[in-house]
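Chains as they are written, first to last, in our numbering: chain A, 96 to 322; chain B, 96 to 322.
Note that the Cβ used here is the ideal one computed from N, Cα and C, for glycine as well.
Bear in mind that the values here come from a model prediction, so they are computed numbers and not experimental data.
Only one structure is covered here, and it is reproduced in the block below.
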């Protein structure tokens, strides 16, 4: 396999080209031929390498983004369709070793197969050159794919976000009720219950009604987004 | 906050203790007091740091484990309950800054809150000392928690694994049928369909019946494990 051009595209010159070759070996090929490892273990590793490098860069690029926003940005960047597009732009499809059955079924064009191979290649860079090498490669490849700070959704106001989510999902709005207070006058604790249109109730507890509302909205959002 | 003992337990001496303090600040505390960042962004980062360090170490410890086994081992190690237990053994609960409302509701004992704080602390180590520092800390903390190689389920034989999964889930076994062949005699391709007890059919294609059976079993396993 002559991978010189590919090594230039991914911004990493391999010390041990064997890692790259394994990253480009689909299981259907390894199953047909003796003596080849497939790329599935490297894909496992590369998935985590990518996740950390993109997380760290998002963390640095968007210092005022909340955790939920960072998670959404990362999901956009590392979803299968995005990775498959990157794989195509790197012409990975030309290098992948496929079994004949998989080839006949059009495997070389499949998003899942291409995304997996890209992850495996990043795993190979990590094994070959360590974390900093993988980070350099990944940041260069993703350089033009980051959203602009100005396109980020508003941070941190959970009540507004819950309002939007509820409108979108239920065509109705959440209702907040002060459920009680406790503690002495100078350090009173407020409990607010928010009820979603379908009847679920979530309680926020804090040192003001406003903060308790935000807390309850946050818990409700976590619930809705985990479903 | 005097965190000297904690820094010893996590095997990292902080250059910038501010990172550690933020990692130990729950959002309920930051919401009540001005001038404190909460630990949610660090938790986002730490989750990915942990994932990569555990993935890499699993990859190295179990050179013959298949990707699916590595995934299962990692899930066991980084699931909420495991991380909460680690947080308790590091006495993180004593250091976490909680809001009063959360405190009254027993937040300091909650698995989710403790696991998040542990992830945030690992994110802080990564920011403070870089990847190698975080890896050192994580490997030391997890040292005694890895399974033994001999306890790993058998690698790679997809037919046997599908058999087990089908017995367990459906109390019945999958059925393999040779669905056809194609190609010239000297490079014939075999298609095998495996039918699960509930009727789903998955096709494997390869250069021998045996390999095509393995392929079909693998696809069926992927399907069952993704549900």
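Subject >> Range of the contiguous beta strand (DSSP E) that encloses residue 284 of chain B >> reply: Boundaries of the beta strand (DSSP E) around residue 284 of chain B: 284-290.
Subject >> Other residues of its chain near residue 222 of chain B: CB distance less than 6 Å, five sequence neighbours each side excluded >> reply: Residues 114 of the same chain have their beta carbon placed closer than 6 Å to that of residue 222 of chain B, with the five preceding and five following residues left out of the count.
**OP:** Could you work out which residue in A:105, A:97, A:99 is closest to residue 230 of chain A when comparing CA atoms only?
**Re:** Scanning A:105, A:97, A:99 for the CA closest to the CA of residue 230 of chain A turns up A:105.
Subject >> Closest Cα partner of residue 270 of chain A within the set A:126, A:294, A:153 >> reply: Checking every option, the nearest Cα to that of residue 270 of chain A belongs to A:294.
Original post:
Is the Cβ of residue 150 of chain B closer than 8 Å to any Cβ of chain A?
Top reply: Yes, contact with chain A.
**OP:** Using a Cβ cut-off of 8 Å, pull out every chain A residue sitting near residue 165 of chain B, in sequence order please.
**Re:** Within 8 Å Cβ-Cβ: 136, 139.
**OP:** Output the residue ranges of the beta strand (DSSP E) runs that lie fully inside the stretch 195-247 of chain A and measure 3 residues or longer, sorted by chain position.
**Re:** Positions of the beta strand (DSSP E) runs, each at least 3 residues long and wholly inside the stretch 195-247 of chain A, cannot be given because no such run exists.
**OP:** Starting from the C-beta of residue 215 of chain A, find all residues in its chain whose C-beta is less than 6 Å away, skip the five residues before and the five after it, and write them out in chain order.
**Re:** Non-local C-beta neighbours of residue 215 of chain A in its own chain, meaning closer than 6 Å and more than five positions away in sequence, comprise 118, 134, 137, 138, 141, ordered along the chain.
Original post:
DSSP beta-bridge partners for residue 272 of chain B?
Top reply: The partner list for residue 272 of chain B (beta bridge, DSSP) reads B:288.
Original post:
Beta carbon of residue 112 of chain A, beta carbon of residue 217 of chain A: below 8 Å?
Top reply: Note that the C-beta distance between residue 112 of chain A and residue 217 of chain A is not below 8 Å.
Original post:
Are the stretch 149-158 of chain B and the stretch 168-176 of chain B in contact at 8 Å, needing three or more beta carbon pairs?
Top reply: The stretch 149-158 of chain B, when compared against the stretch 168-176 of chain B, does touch it at the 8 Å Cβ threshold.
Original post:
What number of angstroms, rounded off, separates the C-alpha of residue 274 of chain B from the C-alpha of residue 199 of chain A?
Top reply: Near 16 Å, if we compare the C-alpha coordinates of residue 199 of chain A and residue 274 of chain B.
**OP:** Measure the C-alpha to C-alpha separation of residue 296 of chain B and residue 319 of chain B and round it to an integer number of angstroms.
**Re:** If I take the Cα positions, the gap works out to 12 Å.
Subject >> Extent of the continuous alpha helix (DSSP H) run through residue 300 of chain A >> reply: Per DSSP, residue 300 of chain A belongs to no alpha helix (DSSP H); it is in the beta strand (DSSP E), 296-301.
**OP:** Indicate whether residue 201 of chain B and residue 127 of chain B have their beta-carbon atoms separated by less than 8 Å.
**Re:** It is not a contact, given that the beta carbons lie outside the stated cut-off.
**OP:** Give a yes or no on whether the minimum CB-CB distance between residue 179 of chain B and chain A is below 8 Å.
**Re:** Answer no: the Cβ-Cβ gap between residue 179 of chain B and chain A never drops below 8 Å.
**OP:** Report the rounded CA-to-CA distance for residue 226 of chain A versus residue 298 of chain A, giving the unit in angstroms.
**Re:** Each residue's alpha carbon lies about 43 Å from the other.
Original post:
Where residue 282 of chain B and residue 237 of chain B are concerned, what is the direct C-alpha to C-alpha distance, given to the nearest angstrom?
Top reply: So the alpha carbons of these two residues sit roughly 49 Å apart.
**OP:** Could you tell me whether the Cβ atoms of residue 254 of chain B and residue 164 of chain B are closer together than 8 Å?
**Re:** The Cβ atoms of residue 254 of chain B and residue 164 of chain B lie no closer than 8 Å to each other.
Original post:
So residue 210 of chain B and residue 178 of chain B are in contact, right, with Cβ under 8 Å, and what is the actual spacing, rounded?
Top reply: Right, their Cβ atoms sit about 4 Å apart.
Original post:
Does any C-beta atom of chain A lie closer than 8 Å to the C-beta of residue 244 of chain B?
Top reply: Interface flag for residue 244 of chain B against chain A is unset, since no Cβ pair is found closer than 8 Å.
**OP:** Express the C-alpha separation of residue 132 of chain B and residue 288 of chain A in angstroms, rounding to a whole number.
**Re:** One C-alpha to the other measures close to 25 Å.
Subject >> Cβ neighbours of residue 262 of chain A in the same chain (closer than 8 Å, five flanking residues each side left out) >> reply: Counting only residues of its own chain and dropping the five nearest sequence neighbours on each side, residue 262 of chain A has a CB closer than 8 Å to the CB of 268.
Original post:
Quick one: does residue 284 of chain A have its CB under 8 Å from some CB of chain B?
Top reply: So yes, residue 284 of chain A belongs to the interface.
Subject >> Chain-ordered chain A contacts of residue 195 of chain B [CB-CB under 9 Å] >> reply: In chain order, 278, 282, 284, 300, 301, 302 make up the part of chain A whose C-beta sits under 9 Å from the C-beta of residue 195 of chain B.
Original post:
Would you call residue 284 of chain B buried or exposed, if buried means 16 or more other Cβ atoms sit within 10 Å of its Cβ?
Top reply: It is buried - the Cβ of residue 284 of chain B has at least 16 other Cβ atoms within 10 Å.
Original post:
Quick one: is residue 127 of chain A near chain B, going by C-beta distance under 8 Å?
Top reply: True, the Cβ-Cβ gap to chain B drops below 8 Å.
Original post:
For residue 150 of chain B, which of helix, strand or coil comes out of DSSP?
Top reply: DSSP places residue 150 of chain B in helix when its eight states are reduced to three.
Original post:
Quick one: does residue 234 of chain A have its CB under 8 Å from some CB of chain B?
Top reply: Judged by the 8 Å Cβ criterion, residue 234 of chain A is not in contact with chain B.
Original post:
Whose C-beta lies closer than 7 Å to the C-beta of residue 207 of chain B among residues of the same chain, with five residues either side of it excluded?
Top reply: Cβ neighbours of residue 207 of chain B beyond the five flanking positions: 175.
Original post:
When we look at the beta-carbon of residue 265 of chain B and count the other beta-carbons within 10 Å, is it buried (16 or more) or exposed?
Top reply: Burial call: exposed.
Original post:
Applying the criterion that 16 or more other CB atoms from any shown protein chain within 10 Å of the CB defines a buried residue, is residue 305 of chain B buried or exposed?
Top reply: It counts as exposed.
Original post:
What number of angstroms, rounded off, separates the C-alpha of residue 314 of chain A from the C-alpha of residue 303 of chain A?
Top reply: Rounded to the nearest angstrom, the two C-alpha atoms are 17 Å apart.
Subject >> Proximity of residue 213 of chain A and residue 182 of chain A at Cβ, strictly below 8 Å >> reply: Yes, they are a contact pair.
**OP:** Pull up the CB-CB distance for residue 109 of chain B and residue 192 of chain B, whole angstroms please, since I reckon it's below 8 Å.
**Re:** About 16 Å separates the CB atoms of residue 109 of chain B and residue 192 of chain B; that is not less than 8 Å, and the two are not in contact.
**OP:** Check distances from the C-beta atoms of the stretch 101-118 of chain A to those of chain B and list, in chain order, the residues that come in under 7 Å.
**Re:** Sequence-ordered contacts of the stretch 101-118 of chain A with chain B are nonexistent [C-beta pairs closer than 7 Å].
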